[in-house]
Each structure stands twice: as structure tokens, then as C-alpha cells.
Amino acid sequence: MLSFSLFSGAKCYNCWQNWHYFCPQCIPKLQIYEGFDYASKRPSKNFYIDKEYQKDFSLTQVIVLTHYHQKWVKTLLRHAKFYGKYAAYRDIILPFSPFFNEYLDTHNSLLVPIPLHFLRRWKRGFNQSEKIAWVISRIVDISVCNTLLFRKKYTKHQSHLSKAERQTMLYSAFYTSKKHKIPKSTTIYLVDDVVSSGSTLLECANTLRSEWFTDVRAVVLASD
Ligand SMILES: [Zn+2]
Numbered sequence: 255m256l257s258f259s260l261f262s263g264a265k266c267y268n269c270w271q272n273w274h275y276f277c278p279q280c281i282p283k284l285q286i287y288e289g290f291d292y293a294s295k296r297p298s299k300n301f302y303i304d305k306e307y308q309k310d311f312s313l314t315q316v317i318v319l320t321h322y323h324q325k326w327v328k329t330l331l332r333h334a335k336f337y338g339k340y341a342a343y344r345d346i347i348l349p350f351s352p353f354f355n356e357y358l359d360t361h362n363s364l365l366v367p368i369p370l371h372f373l374r375r376w377k378r379g380f381n382q383s384e385k386i387a388w389v390i391s392r393i394v395d396i397s398v399c400n401t402l403l404f405r406k407k408y409t410k411h412q413s414h415l416s417k418a419e420r421q422t423m424l425y426s427a428f429y430t431s432k433k434h435k436i437p438k439s440t441t442i443y444l445v446d447d448v449v450s451s452g453s454t455l456l457e458c459a460n461t462l463r464s465e466w467f468t469d470v471r472a473v474v475l476a477s478d
């Protein structure tokens with residue numbers, strides 16, 4: 255397949271071969287997550303959250319592809335986000351189409367990228383979660399919706415903050431459009447690149463739940 259990455263000087267983040275950010279030879283080396291419950295951290299078929307935990311957790315399912323601790327995965331995802339190498343998302347997602355097909359339910363669902371504040375989006379030139387959502391959408395036949403959820407607070411980068419600090423900073427950071435006509439019974443898949451404390455996903459889910467969306471889930475590329 256003649257791809258964009260062929261012309262972009264792409265090199266595999268694991269073995270440094272040319273042409274792909276993540277080459278076919280390295281595909282078997284990606285550590286795929288076994289199903290687990292993100293809230294209890296226990297094994298869970300299909301990544302569903304245990305009912306007992308759902309009382310205090312706004313998400314019903316958190317699907318995670320891989321582990322962020324693999325150094326080259328971390329570098330690939332950081333470069334995709336901060337250096338505009340978002341073509342790497344396609345290289346790391348498309349080979350795992352069966353994974354996304356297995357765990358995402360296409361019936362009455364939407365992919366909703368975690369929104370950036372408009373200033374950050376303007377500075378970066380793109381929203382990384384939206385890029386990821388579009389690639390996943392090619393696999394699972396679920397539409398991407400970027401007109402439902404918005405971010406009103408311009409927040410600092412959160413990587414060095416504690417969980418409590420993140421929660422405080424993100425409180426009321428998001429809102430939903432008053433114009434949307436999306437049925438509340440729609441399954442919403444929030445899409446993000448990395449989940450760490452889960453504060454951002456939970457705050458987005460809380461915002462949607464407060465608007466009476468009953469089934470809010472998440473799909474992310476990596477978790478630390
Ligand atoms: Zn490689």
C-alpha cells in the first residue's frame with residue numbers, strides 16, 4: 255500500500271525501519287491489554303466496569319489498546335501529539351482492527367473525541383483525539399461527533415499534577431452544545447490517546463451524564 259508515511263520520512267518508533275511509524279514487523283511486539291475493569295483494576299470481559307463500581311464511576315466501559323510504559327509507544331504517542339506526526343495513529347490503530355471490532359458496539363453509537371480548548375487546538379493545529387477517532391471510525395463504522403462536547407477551561411498540561419489537583423482543575427471544564435439533537439439513548443464512546451488518572455474521561459462522562467446520556471464509555475490507545 256502506497257501510503258502518506260512513505261513520503262513523510264516516517265521511521266518505525268521501535269526498529270527505525272523506513273516507511274511506517276509502526277512497521278509490520280513490529281506489530282506482534284505491541285503489548286495488547288487483556289480485558290480489565292479500569293475502575294477496580296480487575297480482569298473484566300470486554301473491559302466492562304463492574305456494576306458495583308459504576309455507582310461512583312460515570313463510565314460503563316473503558317477500552318484500552320496497549321501499555322504506555324513501552325518506551326517506543328510513549329515516544330510515538332508524544333510525537334504524534336506534540337510534533338504533528340498524527341499519521342502515526344493510523345499505523346498503530348489499523349493493524350489492530352480486530353481488537354476494535356471485538357470491543358466496540360456499533361449499534362446506536364457515536365465516537366466523541368475529548369475536546370481541546372479552542373486556543374490549544376489553534377496552537378496545535380489539530381485535536382489528537384479527533385485524529386484517533388477518525389481512524390477508529392474507518393474500522394468500526396461508528397460516526398465521529400465533534401459538535402456535542404466542548405471544553406471551556408484552558409487548563410495546564412496535567413502530567414505533573416496529582417489526581418486531586420487534576421480533578422480540581424478539570425471541574426466544570428466541559429459543556430455540551432445546546433443545539434445538538436442526539437438522542438440520550440446513544441452510546442457515547444469518548445476517545446483519547448492516553449489515560450492516566452482518568453480525571454479527564456470522568457469529567458467528560460460526568461458532563462454527559464448530567465445531560466442524561468445514560469451510556470458513556472471510553473476508548474483509548476494507551477494506559478499507564
Ligand atoms: Zn518496526
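Sequential numbering of the sequence shown, starting at 255, is according to the numbering used here. Positions of the beta carbon are idealized from the N, C-alpha and C atoms, including for glycine. Computed from a predicted model, the values in this text were never measured in an experiment.
Buried or exposed: which applies to residue 372, given that a residue is buried once 16 or more other Cβ atoms fall within 10 Å of its Cβ? Residue 372 should be labelled exposed.
Report the three-state DSSP secondary structure of residue 417 (helix, strand or coil). helix
With burial defined as no fewer than 16 other Cβ atoms inside 10 Å of the residue's Cβ, what is the status of residue 467: buried or exposed? buried
Pocket of ligand 1 (residues with CB nearer than 6 Å to any heavy atom), chain order: This selection yields 266, 268, 269, 271, 277, 279, 280.
As a quick exercise: from 379, 444, 363, 452, pick the residue whose alpha carbon is nearest that of residue 473. 444
N- and C-terminal bounds of the beta strand (DSSP E) containing residue 404: 403-405
Within 8 Å, do at least three Cβ pairs link the segment 356-371 to the segment 438-457? yes
Cutting at 6 Å between CB atoms, please list the residues of its own chain near residue 289, excluding the five before and the five after it. 298, 299, 300, 301
Could you name the residues that DSSP lists as bridge partners for residue 316? 472
Looking at the secondary structure, which residues open and close the beta strand (DSSP E) in which residue 444 lies? 441-449
In whole angstroms, what separates the C-alpha of residue 391 from that of residue 398? 7 Å
Any idea what DSSP makes of residue 265, helix, strand or coil? strand
If I measure Cβ to Cβ from residue 342 and keep anything under 6 Å in the same chain, skipping five residues before and after, which residues do I get? The beta carbon of residue 342 lies closer than 6 Å to those of 275, 330, 334 in the same chain, with the five residues before and after it left out.
Using only CA atoms, which one of 451, 358, 263 lies nearest to residue 418? 451
Please tell me whether residue 459 and residue 312 are closer than 8 Å, where the distance is taken between their beta carbons. yes
At the level of alpha carbons, what is the spacing between residue 360 and residue 441? 9 Å
According to DSSP, is residue 235 helix, strand or coil? This structure cannot settle anything about residue 235, because the visible part of the chain is limited to 255 through 478.
With the cut-off set at 8 Å, would you say residue 430 and residue 461 are in Cβ contact? yes
Apart from the five residues just before and just after residue 438, which ones in its own chain have a Cβ nearer than 6 Å to its Cβ? 466, 467
Extract the residue ranges of the alpha helix (DSSP H) inside the segment 337-393, only unbroken runs of 4 or more that lie entirely within it. 341-347, 351-357, 372-378
If you run the structure through DSSP and keep just helix, strand and coil, what is residue 301? helix
Would you kindly check if the distance between the Cβ of residue 346 and the Cβ of residue 475 is under 8 Å? yes
With 16 as the cutoff for other CB atoms within 10 Å, does residue 464 come out buried or exposed? Exposure of residue 464 is indicated by the presence of fewer than 16 other C-beta atoms within 10 angstroms of its C-beta.
Residue 357 and residue 317: beta carbons closer than 8 Å? yes
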